[in-house]
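For the record, in the sequence shown the residue sitting at position 242 is 250 according to our numbering, with numbers rising by one throughout.
Glycine included, every Cβ here is placed at the ideal spot set by N, Cα and C.
Remember, predicted model here, so these are calculated numbers, not experimental data.
Okay, structure first, notes after.
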Amino acid sequence: MILADTIDRGKYTDIPQQIWSYYDRLLSRKGFEQHRLVQAIQKQGEETTWRGINELFALTSRAAEMSPGQLFEALGLGKNDFDSSNFQAMMGILRAINILGQHGFSQPKPLRPLSNRKEADFLAKREGKLYAVEVFRSSELSFRYADPENPGSDFAQYLRKRLDEKLPQVNTTIKEHDCDAGLVVVAMDSQPSKALNDAAEYQKAVRAAIEQVGNPSGVHLFIFTGMADERGNNEYACYPPLS
Numbered sequence: 009m010i011l012a013d014t015i016d017r018g019k020y021t022d023i024p025q026q027i028w029s030y031y032d033r034l035l036s037r038k039g040f041e042q043h044r045l046v047q048a049i050q051k052q053g054e055e056t057t058w059r060g061i062n063e064l065f066a067l068t069s070r071a072a073e074m075s076p077g078q079l080f081e082a083l084g085l086g087k088n089d090f091d092s093s094n095f096q097a098m099m100g101i102l103r104a105i106n107i108l109g110q111h112g113f114s115q116p117k118p119l120r121p122l123s124n125r126k127e128a129d130f131l132a133k134r135e136g137k138l139y140a141v142e143v144f145r146s147s148e149l150s151f152r153y154a155d156p157e158n159p160g161s162d163f164a165q166y167l168r169k170r171l172d173e174k175l176p177q178v179n180t181t182i183k184e185h186d187c188d189a190g191l192v193v194v195a196m197d198s199q200p201s202k203a204l205n206d207a208a209e210y211q212k213a214v215r216a217a218i219e220q221v222g223n224p225s226g227v228h229l230f231i232f233t234g235m236a237d238e239r240g241n242n243e244y245a246c247y248p249p250l251s
């Protein structure tokens, strides 16, 4: 494996220093090879990995009107939290903020985790409304058929279970921050599912999941894959519609 000191960190001007410190400590730990960040570097190379992280922090810090370092602190990843899932969750929030920015959301405000209650991941505005936004990832290790009409599909049920988990903290955030609506965002990272499913199937799944939890008032379910559809647009599905 290529170590971090072989690259020119200075050219990644929007990666916060906290990330480099985190990475240096990670490499000194037993079993560091199992961390998803390390595996990404091994798979796609340092240049591609760090360039992607740099771009995410650049775009998101501008949208949030924070420095990259301030943004990292607001996202709440502990300096000694080497759980891959928590690191990936942080990156998922950054990705969600940028995807939602393409759909009219602005002024994202990350909500640092609290010790006394669970809240959504961030607030954002769209067309004068304030949204409480919670993000989760569908693991890349899980295969999920999206179309609920497919006999082998479990995706709508999976979404329903996660909605059951996430709705209480979204509703708490709506109340605590006087929001107009809630949005649960799914970063669809499951492989090879996202290469086989399409936006129409995802749309069926998100609608089925919302209906299964009783069509909660003012709460939307939004899913994105990070892939482009046949027209070159970012693939996504949302129910109920945002406008």
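- The DSSP assignment places complete beta strand (DSSP E) segments of no fewer than 3 residues inside the stretch 105-130 at 114-118, in order along the chain.
- The C-beta distance from V192 to E142 rounds to 5 Å, short enough to fall under 8 Å.
- With contacts defined by Cβ atoms closer than 7 Å, D197 and S146 form a contacting pair.
- It is roughly 24 Å from the alpha-carbon of T180 to the alpha-carbon of Q165.
- In chain order, A245 place their CB closer than 6 Å to the CB of Q211, counting only its own chain and leaving out the 5 sequence neighbours on each side.
- Nearest to S92 by alpha-carbon distance, out of V194, A82, H43, is H43.
- Per DSSP, F144 is one residue of the beta strand (DSSP E) stretching across 137-146.
- The stretch 60-69 makes contact with the stretch 17-34; the number of CB pairs closer than 8 Å reaches 3 or more.
- Excluding sequence positions up to five before and after A82, its CB lies within less than 6 Å of the CB of P118, R120, all in the same chain and listed in chain order.
- Listed as beta-bridge partners of F232 by DSSP are A195, Y244.
- The residues A71, A72, I105, F130, A132, in chain order, have a CB closer than 6 Å to that of P116 in the same chain once the five nearest residues on each side in sequence are set aside.
- The DSSP assignment places no complete run of the beta strand (DSSP E) inside the stretch 39-85 (cut-off: 3 residues).
- Non-local C-beta neighbours of A97 in its own chain, meaning closer than 8 Å and more than five positions away in sequence, comprise V143, F144, R145, ordered along the chain.
- DSSP places V221 outside both helix and strand once states are collapsed to three, so it counts as coil.
- K169 and S29 have their C-alpha atoms spaced approximately 36 Å apart.
- Between G100 and A216, the gap from beta carbon to beta carbon reaches 7 Å or more.
- For R37, no alpha helix (DSSP H) segment is defined, and its DSSP state is neither H nor E.
- In the DSSP assignment, no residue is bridged to K19.
- Among the bridge pairs identified by DSSP, V227 is matched with G190.
- Counting along the chain, the unbroken alpha helix (DSSP H) around L167 starts and ends at 163-184.
- In its chain, beyond the 5 residues on either side, A128, A140, E142, G190 have a beta carbon closer than 6 Å to the beta carbon of V178.
- For K212, the secondary structure class from DSSP, reduced to helix, strand or coil, is helix.
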